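The opening residue of the sequence shown carries number 1 in full-length UniProt numbering; numbering runs sequentially from there.
Ideal Cβ positions, reconstructed from N, Cα and C, are used throughout, including at glycine.
The structure presented is a predicted model; accordingly, all values stated were derived computationally and were not measured.
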Amino acid sequence: MDREYRETISFMYSLERFGILLGLDNITRLLSTMGNPEAQFPVVHVAGSNGKGSTASFIYHILLESGYKAALYTSPHLNDFRERIRLNGSLVSKESLLTAIRKVRSIYDPERTTFFEFSTAAAFDCIARAKPDVAVIEVGLGGRLDATNTVNPLVTVITDISREHEDYLGAGLASVAQEKAGIIKKRVPLITGASRSEPWNVIERTARDLNVQVHKFGRDFMGLRTGKNSFSYRSQSLVLEHLSTSMPGSFQIKNAALAIAVIEELRSLEYRIPEGAIRSGIEMTRFPGRFELLRSQPDVIIDGAHTPEGARLLKSTFSQLYPGVKPLLLLGMLRDKNYEQLIKILSPLAREVVCVPPQSNRALLPEEAAAIVRAQGVPASAVMDIEEGFQLLLKKASPDDIILAVGSLYMIGPVRRACGVQDN
1 MDREYRETIS FMYSLERFGI LLGLDNITRL LSTMGNPEAQ FPVVHVAGSN GKGSTASFIY
61 HILLESGYKA ALYTSPHLND FRERIRLNGS LVSKESLLTA IRKVRSIYDP ERTTFFEFST
121 AAAFDCIARA KPDVAVIEVG LGGRLDATNT VNPLVTVITD ISREHEDYLG AGLASVAQEK
181 AGIIKKRVPL ITGASRSEPW NVIERTARDL NVQVHKFGRD FMGLRTGKNS FSYRSQSLVL
241 EHLSTSMPGS FQIKNAALAI AVIEELRSLE YRIPEGAIRS GIEMTRFPGR FELLRSQPDV
301 IIDGAHTPEG ARLLKSTFSQ LYPGVKPLLL LGMLRDKNYE QLIKILSPLA REVVCVPPQS
361 NRALLPEEAA AIVRAQGVPA SAVMDIEEGF QLLLKKASPD DIILAVGSLY MIGPVRRACG
421 VQDN
């Protein structure tokens, strides 16, 4: 079993040679041949530039705490592919995943199917066989042409929007927002955290054209910070005081509020989700790589911030929790992100930066990143391996120092492994 599993996952990774090919023709044809598993379970569909993974995880855990059978599909994974597919509080079993992969492999087009299309088809098969009451599905990239945009959701979510993946989504906030807004479905309620006027105007116009009721953070509902990790939630129909989250950062309060707004919509659809389940679901949610402390003396913190807006939020959180401290920065980014602006935001925070390549064929060359850091007047070096770069910083660090690893979700797994942390 283990050998077959390793060989099968290696085969799937071989599909990365096709890169990213946005479009729904391949995945629609593939799912149709499989009997349309994506139509066999209720869905909450989550897109956005920042916070979509955390928001999806909050929703999933609240559903579990309510006693519902729930599924969660996210990407990327940290250590094991099965982390992408969670069923009723556990990773999908190897047996179930292998069954799905065999099915997809018997019918897929080997000349055009991408890794993410194949993965999504397999995930939908696993989820359909599990028969969940709700599946929370996170968009991979963009929205309109993403392989997950084959679902027919009960509720859609678009978190905050930043410039990202502009090679694929178009230049500028409006173009990126247009792609994210592609998940909006006719008469399906939308929850959004879009805060800037440009993406909000795109979302509002799309929603109006499709006769969609929109619930906007800051206008229709809000999360108000009341302590270090505590907050209150308020909307026209629900007030919750003394909520707490184990995930630091004011941005997580916004993500939790988005999740609660989704829960309000599900309640209106006759899902029975008590207040206690909302509280415990928010409190128990832990999302690896979101301002996560991995070890002490020196403190090692990993964060998946990979957009300029995410970098600003990270910088704000770090400065609040560690006023006056200059961390050693382990920085790795993808070349299809707005990396130059991200570097300019984070460089002044650091005492020294070591640039490394994330585990992706879209990785930005470390020397290119280091040159931008140096231009900000901050010492920087380039290392071609994440663990080697991490060990270099460990040697430089005193017990009182802080090492902050940041820049890409593809950094999280290798850094956690370097610290001896595994995902359960």
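Close CB contacts of valine 104 within its chain, under the 8 Å cut and outside five residues either way in sequence, are with Leu30, Met34, Phe118, Ala121, Ala122 and Asp125 (chain order). For secondary structure counted as the alpha helix (DSSP H) over 4 or more consecutive residues, the region 2-28 holds these complete runs in sequence order: 2-14. In terms of Cα proximity to lysine 186, the closest of Gln213, Arg163 and Ser197 is Gln213. Nearest to isoleucine 184 by alpha-carbon distance, out of Gly172, Ala207, Thr317 and Ser175, is Ala207. Shown here, threonine 113 sits in coil according to DSSP, grouped into three states, outside any helix or strand. Under the DSSP assignment, serine 230 falls in the beta strand (DSSP E) whose first and last residues are 230-235. Leucine 258 counts as buried, since no fewer than 16 other beta carbons sit within 10 angstroms of its beta carbon. In the DSSP annotation of this structure, the continuous segment of the beta strand (DSSP E) that includes isoleucine 302 starts and ends at 299-302. If you draw a straight line from the Cα of aspartate 299 to the Cα of aspartate 109, it is about 47 Å long. Using a C-beta cut-off of 8 Å, the region 260-271 makes no contact with the region 350-370, since fewer than three inter-stretch Cβ pairs fall below that distance. By the CB criterion at 8 Å, valine 353 and valine 378 fall inside the cutoff.
The DSSP-derived three-state label of cysteine 126 is helix.
If you draw a straight line from the Cα of arginine 102 to the Cα of isoleucine 403, it is about 42 Å long. Note that the C-beta distance between lysine 94 and glycine 193 is not below 8 Å. Here the region 231-245 does not lie against the region 197-207, with fewer than 3 beta-carbon pairs under 8 Å apart.
Apart from sequence neighbours up to five positions away, the residues of its chain that approach tyrosine 339 with a beta-carbon distance below 6 Å are Met333 and Leu364, ordered along the chain.
Beta-bridge analysis with DSSP links leucine 329 to Val353 and Leu404. Contact between glycine 413 and asparagine 50 does not hold, since the beta-carbon distance rounds to 20 Å and is not under 8 Å. Listed in chain order, the non-local C-beta contacts of leucine 63 below 6 Å within the same chain comprise Ala70 and Val134, local neighbours out to five positions each way being set aside. CA-CA distance, lysine 344 to aspartate 336, rounds to 16 Å. CA-CA distance, proline 42 to phenylalanine 291, rounds to 31 Å. For threonine 156, the three-state secondary structure derived from DSSP is strand. In the three-state reduction of the DSSP assignment, asparagine 255 falls in the helix class, which pools H, G and I.
Selection Ile9, Leu141 and Arg225 evaluated against glutamate 179 yields Leu141 as nearest (Cα-Cα). Within the model, the alpha-carbon separation for lysine 131 versus alanine 47 is close to 23 Å.
If one requires a minimum length of 3 residues, the beta strand (DSSP E) runs lying completely within the region 372-421 are 380-382 and 402-406, in chain order. No Cβ-Cβ contact shorter than 8 Å links phenylalanine 115 with threonine 285. Put simply, of Gln376, Gln341 and Ser360 the residue whose alpha carbon is nearest the alpha carbon of arginine 351 is Gln376. Take serine 246, set aside five residues on each side of it, and the residues of its chain with a beta-carbon closer than 8 Å to its own are Asn229, Glu283, Met284, Thr285 and Arg286, in chain order.
In the structure shown, histidine 61 falls within a helical segment according to DSSP collapsed to helix, strand and coil. Counting along the chain, valine 134 sits inside the beta strand (DSSP E) bounded by residues 134-138. Under DSSP, leucine 31 takes part in no beta bridge, so it has no partner.
Judged by beta-carbon spacing, glutamate 265 lies within the 8 Å limit of proline 189, meaning their Cβ atoms are closer than that value. As a beta-bridge residue in DSSP terms, arginine 295 pairs with Val300. Where valine 44 is concerned, the enclosing beta strand (DSSP E) starts and stops at 43-47. In terms of CA proximity to threonine 74, Tyr60 leads the group Tyr60, Ser66 and Gly67.
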